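Below: the structure, in structure tokens.
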Ligand SMILES: NC(=O)c1ccc[n+]([C@@H]2O[C@H](COP(=O)([O-])OP(=O)(O)OC[C@H]3O[C@@H](n4cnc5c(N)ncnc54)[C@H](OP(=O)(O)O)[C@@H]3O)[C@@H](O)[C@H]2O)c1
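Residue numbers (the UniProt record's numbering): 1 to 298.
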């Protein structure tokens, strides 16, 4: 399987190096890169010991799997160029979590190519080190060609082989339906981005107690990391501790009094109501009625 990347950024470089190092024994060959700038193209080729292409046409001709690892906003434009070449039977992939293959590859059915979205459920934060973190990362897959008159998707042999290889490399995968991609991406954003918002709220409260930023981040790190490790080992309900789970209504009332703005109070109440439901499912004999009253919308 000859793999080419259009777009030599964080994901293109990381996946390329990962496939080159670990996929080689399973028959994956990273042929090379074409990117907007020749510097990115050459750096990525050097990093993955592959070829730097100075045009898209040559890369497409020599590869049977082509990843469009450009920013989401450039995927459709890039696809419009790619579909101008002979891509019959080729496997075209993008890595966006939010877009489906059909959102991105309009008219792919007429080209005879197979379209996929292959999303690493991971924050790829830099070009040259993130590949080390990819073992064990979950990949969500979507796409294939709809056979006429049949709801079943037809997959390319390369896609089937890629799935098998990723499994052998220790990367779990799951196929999801196109209509679920936005919901799936929203789930990832809640678990990753929204948690950043909550931690920022926690830091603001630490600053009010006199902590510096550095102190506050260091002080919170063990509780954050420990909590995440418990969640990853079990689930959020089993990992839940604190005043809501204990049904300590006095402490929760005090928390609400120390929060300054209505936004802060609302955030606390909304999330805490969710925690009450989780706590109740764990302690069915406990009466959380007073807690619910304290946390009701004001
Ligand atoms: N980063 C993440 O955490 C992450 C995680 C999962 C999925 N993804 C997905 O992966 C994809 C790539 O994201 P990224 O984070 O790798 O982005 P990125 O670091 O910004 O890299 C994008 C690369 O594409 C190149 N490029 C832009 N427009 C182009 C065009 N028209 N033709 C050819 N090359 C072009 C850029 O060009 P030059 O350098 O050549 O100028 C850049 O190197 C996106 O779909 C994103 O949603 C990202």
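Here a beta-carbon is modelled for each residue, glycine too, at the ideal position from N, C-alpha and C.
Remember, it's a predicted structure, so these values are computed and weren't measured experimentally.
Put simply, the segment 115-122 touches the segment 94-101. At least three CB pairs are less than 8 Å apart. Contact between residue 3 and residue 28 holds, with the beta-carbon distance rounding to 6 Å and staying under 8 Å. Residue 120: member of the beta strand (DSSP E) spanning 114-120, first to last residue. Apart from sequence neighbours up to five positions away, the residues of its chain that approach residue 282 with a beta-carbon distance below 8 Å are 237, 238, 240 and 245, ordered along the chain. Between the C-alpha atoms of residue 34 and residue 213 there is a straight-line separation of about 42 Å.
With the rule of 3 Cβ pairs closer than 8 Å, the segment 181-201 counts as touching the segment 97-114. As computed with DSSP, residue 94 is found in a beta bridge with 68 and 117. By the CB criterion at 9 Å, residue 207 and residue 221 fall outside the cutoff. Taking one beta carbon from each stretch, the segment 55-68 and the segment 77-85 have 3 or more pairs nearer than 8 Å; the two touch. For residue 215, the uninterrupted alpha helix (DSSP H) run begins and ends at 213-233, by DSSP. Relative to the Cα of residue 9, the nearest Cα in the group 47, 141 and 20 belongs to 47. Here DSSP, grouped into helix, strand and coil, assigns residue 141 to strand.
Distances from the CA of residue 124 to each of 89, 71 and 292 were compared; the closest alpha carbon is that of 71. Around the beta-carbon of residue 280, 16 or more other beta-carbon atoms lie within 10 Å, marking it buried. DSSP places residue 49 in the coil class of the three-state scheme, outside both helix and strand. In the three-state scheme derived from DSSP, where H, G and I count as helix and E and B as strand, residue 163 is classed as helix.
In the structure shown, residue 34 adopts extended strand secondary structure according to DSSP, grouped into three states. For residue 5, the pairing in a beta bridge is given by DSSP as 33 and 67. Rounded to the nearest whole angstrom, the CA to CA distance from residue 254 to residue 234 is 30 Å. Residue 287 has its alpha-carbon roughly 52 Å from the corresponding atom of residue 159. Rounded to whole angstroms, the separation of the alpha carbons of residue 204 and residue 293 is 27 Å. Bounds of any beta strand (DSSP E) do not take in residue 87, whose DSSP letter is neither H nor E.
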